[in-house]
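Chains as they are written, first to last, in our numbering: chain A, 723 to 1003; chain B, 723 to 1003. In what follows, a structure is listed as structure tokens, so that the remarks can point back to it.
2 protein chains.
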Amino acid sequence: MPTTIAIIGAGAMGSAVGHRLTQHGARVLTLADGRSAKTVARIRDAGMEPVVIDEIAAADLILSIVPPAEAIGVAELLSPKLRDAKTKSAFIDFNAINPATMQQITSTLAGTGWDVLDGAIIGSPPTAESTGPKFYVSGDQARHSSLLEKHGLNLRLMEAPVGAASALKMVYAGLNKGLVGLGATMLLAAAGSGSAESLRGEMNDSLPELLLRFQKSIPDMYPKAYRWVAEMHEIAEFLGPDDPGSALFKAMADVFARIAADQNADGQLAAILNGVLENPA
Amino acid sequence: MPTTIAIIGAGAMGSAVGHRLTQHGARVLTLADGRSAKTVARIRDAGMEPVVIDEIAAADLILSIVPPAEAIGVAELLSPKLRDAKTKSAFIDFNAINPATMQQITSTLAGTGWDVLDGAIIGSPPTAESTGPKFYVSGDQARHSSLLEKHGLNLRLMEAPVGAASALKMVYAGLNKGLVGLGATMLLAAAGSGSAESLRGEMNDSLPELLLRFQKSIPDMYPKAYRWVAEMHEIAEFLGPDDPGSALFKAMADVFARIAADQNADGQLAAILNGVLENPA
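Right, dumping it as structure tokens:
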């Protein structure tokens, strides 16, 4: 009998993960209640089986891969079903939530008899061409997550308790996206002060790898800026009020809110940034 | 008769610039009133001549290279002397000040008959081995700064008004030092959440050039953190209250204040950062 893995969330990441797992011999279930015809088609294209919630609770492993705001809801939905399940296995939350939210999920699922593990996905959805993304898992003493490695995922087991994988995701996103916010802020300031051309020249000389990174990462950010606002607030909360980084990431949220507003208006800021980067995109 | 250039400020940068200029045939004057024997010795080693203020006002070019907080004082000190000078030439402020402070300096020297130019030095003090740093100058329609190029400095003339060179310095420092503040914040958060080892591995995979940069720039920052606090506030002021970057750099100031306090205490944060970076320095 093949390994059965359930994935809650059949978005771009969830369905790509499902596809990779089915291609490596796993049977992959997902909830399809109330989903659009388009989503059900994507589920089937990925080789996943749309099932009802009781079948989910019979899986060998359940992965939650949903937007951060839905993470607690998934745990609440599953909690009674997992409590009633005859065989107990493990639930892994792979969402971009902070460790405090992860703790809430652990509490929600306490008493079900299931192991609750912390996960973080770093990288873009798997494709036929890529080996990525990486699946970090912490709190997995029983090595439940080895099933993922067995079925084609790039697993990175962390020798650390629940909370560490969520923290890793926060820290990595803070670095990566914070860099984009810092770059956008300074490039706009350069454009507004007559120093843009010299700045680009100077970066080309003394920070070439940063200029190259900005030429890709800043334009890639524009359409995602509205989502990053909430992510920056999540990172601020993770750092906590005693860390000066908390105010740093609240300000980052405002930087991205400004870009998001610009995207909904005339895209003038984006045009200025492209001009500084000499990126005609 | 050789070109005479006066440098106000014979610190590490000022005296190294003086040395470079004298080696390229310029006569270089500096104010020595009330300076320590050590400073006077450094002035002489650099081939510069310690003079009284009236001689400064007879130079072909005056450069101000002092700590940011002293920039306005230099202009106030020189103002009456420049007004009385028979031949008028140019004064270049090369200090790390924001464009509003540069405007104050222009006002202070208005009516002296001298051209007031805006400059920014980017890079480390000149040495026998280096071609750097770069000397950016804006507002120089009359091309006074060509004297600097003629005497061995790496000049970058900006086709932009007074204020642009100061802005460039703010923007470049904001990028470069902001990156260090962002890195220190996230690395400390990783260490506090059990994700440091995974973060370093992930950075090694997906952000290797950033990890390399941090391995040098974060430890280099510790002894300078106390100075960077004021610089971050200066950048916040430059961006202005309507720019979300203003709050960003106020938070950066707090990040460096935390490191500066740690340097004055037991250096525990520095030790944690070195551990994450695997930098035994």
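Backbone N, C-alpha and C fix where the C-beta goes; we use that ideal spot for every residue, glycine too. Note that this is a predicted model, so its numbers are computed, not measured.
Roughly how many angstroms separate the alpha carbons of residue i and residue j, rounded to a whole number?
i, j, result
"Ala975 of chain B", "Leu970 of chain A", "10 Å"
"Pro941 of chain B", "Ala992 of chain B", "8 Å"
"His916 of chain B", "Val902 of chain B", "Here residue 916 of chain B turns out to be Gly, not His, going by the sequence shown. Approximately 21 Å, taken between the alpha carbons."
"Val773 of chain B", "Arg949 of chain B", "30 Å"
"Gly997 of chain B", "Pro963 of chain B", "37 Å"
"Ala797 of chain B", "Ser786 of chain B", "9 Å"
"Tyr858 of chain B", "Met735 of chain B", "15 Å"
"Arg766 of chain A", "Gly747 of chain A", "16 Å"
"Ser737 of chain A", "Gln826 of chain A", "26 Å"
"Ala987 of chain B", "Ala911 of chain B", "20 Å"
"Ile778 of chain B", "Ala918 of chain A", "34 Å"
"Ser758 of chain B", "Lys972 of chain B", "35 Å"
"Gly854 of chain A", "Gly740 of chain A", "14 Å"
"Leu1000 of chain B", "Ala952 of chain A", "Note on residue identity: the sequence assigns Glu, not Leu, to residue 1000 of chain B. If I take the Cα positions, the gap works out to 32 Å."
"Asp837 of chain B", "Thr828 of chain B", "9 Å"
"Ala732 of chain B", "Pro883 of chain B", "27 Å"
"Thr849 of chain A", "Lys938 of chain A", "21 Å"
"Ser705 of chain A", "Thr726 of chain B", "As shown, chain A starts at 723 and ends at 1003. That puts residue 705 of chain A outside it, with no answer to give."
"Ala781 of chain A", "Gly769 of chain A", "16 Å"
"Glu881 of chain A", "Leu831 of chain A", "22 Å"
"Thr752 of chain A", "Leu933 of chain A", "42 Å"
"Leu879 of chain B", "Gly885 of chain B", "13 Å"
"Phe960 of chain A", "Leu839 of chain A", "19 Å"
"Ala1003 of chain A", "Gly914 of chain A", "Since pLDDT at Ala1003 of chain A reaches only 46, below the 50 mark, its modelled position is unreliable, and the value read off the structure follows with that caveat. Roughly 21 Å between the two C-alpha positions."
"Glu792 of chain B", "Pro821 of chain B", "15 Å"
"Ala807 of chain B", "Thr834 of chain B", "8 Å"
"Gly795 of chain A", "Pro847 of chain B", "58 Å"
"Gly900 of chain A", "Leu929 of chain B", "14 Å"
"Arg749 of chain A", "Met723 of chain A", "9 Å"
"Val805 of chain A", "Thr761 of chain A", "In the sequence as presented, Val is not what sits at residue 805 of chain A; that position holds Arg. If I take the Cα positions, the gap works out to 29 Å."
Does any residue of chain B bring its CB to less than 8 Å from the CB of residue i?
i, result
"Thr849 of chain A", "no"
"Arg878 of chain A", "yes"
"Ala1003 of chain A", "For Ala1003 of chain A, the predicted structure reports a pLDDT of 46, less than 50, and the residue's modelled location is therefore unreliable. A value from the coordinates is still provided. No - not a single Cβ of chain B is within 8 Å of the one on Ala1003 of chain A."
"Pro673 of chain A", "The requested residue 673 of chain A is not part of the displayed model; chain A covers only 723 to 1003."
"Gly795 of chain A", "no"
"Val838 of chain A", "no"
"Val977 of chain A", "yes"
"Val774 of chain A", "no"
"Thr907 of chain A", "yes"
"Ile844 of chain A", "yes"
"Glu924 of chain A", "yes"
"Arg766 of chain A", "no"
"Glu931 of chain A", "yes"
"Ala974 of chain A", "The sequence shown places Met at residue 974 of chain A, rather than the Ala named in the question. Judged by the 8 Å Cβ criterion, Met974 of chain A is in contact with chain B."
"Gly896 of chain A", "yes"
"Gly841 of chain A", "no"
What does DSSP give as the partner residues of residue i in its beta bridges?
i, result
"Tyr858 of chain A", "A:Ala842, A:Arg878"
"Leu692 of chain A", "Since the first and last residues shown for chain A are 723 and 1003, residue 692 of chain A lies out of range."
"Arg749 of chain B", "B:Thr726"
"Val773 of chain A", "A:Leu753"
"Asp837 of chain A", "A:Ala812"
Any beta carbon of chain A sitting closer than 8 Å to that of residue i?
i, result
"Gly916 of chain B", "yes"
"Val859 of chain B", "no"
"Gly967 of chain B", "yes"
"Ser920 of chain B", "yes"
"Met723 of chain B", "no"
"Val893 of chain B", "yes"
"Ala983 of chain B", "no"
"Ala889 of chain B", "yes"
"Pro963 of chain B", "no"
"Pro821 of chain B", "yes"
"Met735 of chain B", "no"
Quick test of your reading: residue i and residue j, contact by CB under 8 Å. State the CB separation rounded to the nearest angstrom.
i, j, result
"Asp790 of chain A", "Glu931 of chain A", "The sequence as given places Pro at residue 790 of chain A; Asp does not occur at that position. Going by Cβ atoms, the distance from Pro790 of chain A to Glu931 of chain A rounds to 30 Å, so no, they are not a contact pair."
"Gly905 of chain A", "Leu909 of chain B", "Going by Cβ atoms, the distance from Gly905 of chain A to Leu909 of chain B rounds to 19 Å, so no, they are not a contact pair."
"Ala947 of chain B", "Ile981 of chain B", "4 Å"
"Pro945 of chain B", "Gln985 of chain B", "7 Å"
"Val788 of chain A", "Pro966 of chain B", "Wrong, their Cβ atoms sit about 29 Å apart, outside the cutoff."
"His866 of chain B", "Leu783 of chain B", "6 Å"
**Report entry** At least 3 beta-carbon pairs within less than 8 Å: the stretch 809-828 of chain A vs the stretch 836-853 of chain A
**Finding:** Counting C-beta pairs closer than 8 Å gives three or more between the stretch 809-828 of chain A and the stretch 836-853 of chain A, which meets the contact rule.
Query - Meets three-Cβ-pair contact criterion under 8 Å: the stretch 883-899 of chain A and the stretch 922-930 of chain B - result: Touching, yes, given that three or more Cβ pairs across the two stretches are closer than 8 Å.
Requested in this report: Decide yes or no for the touch test of the stretch 865-877 of chain A against the stretch 736-756 of chain A: beta carbon pairs closer than 8 Å, at least 3 of them.
Outcome: Result yes; three or more Cβ-Cβ pairs closer than 8 Å.
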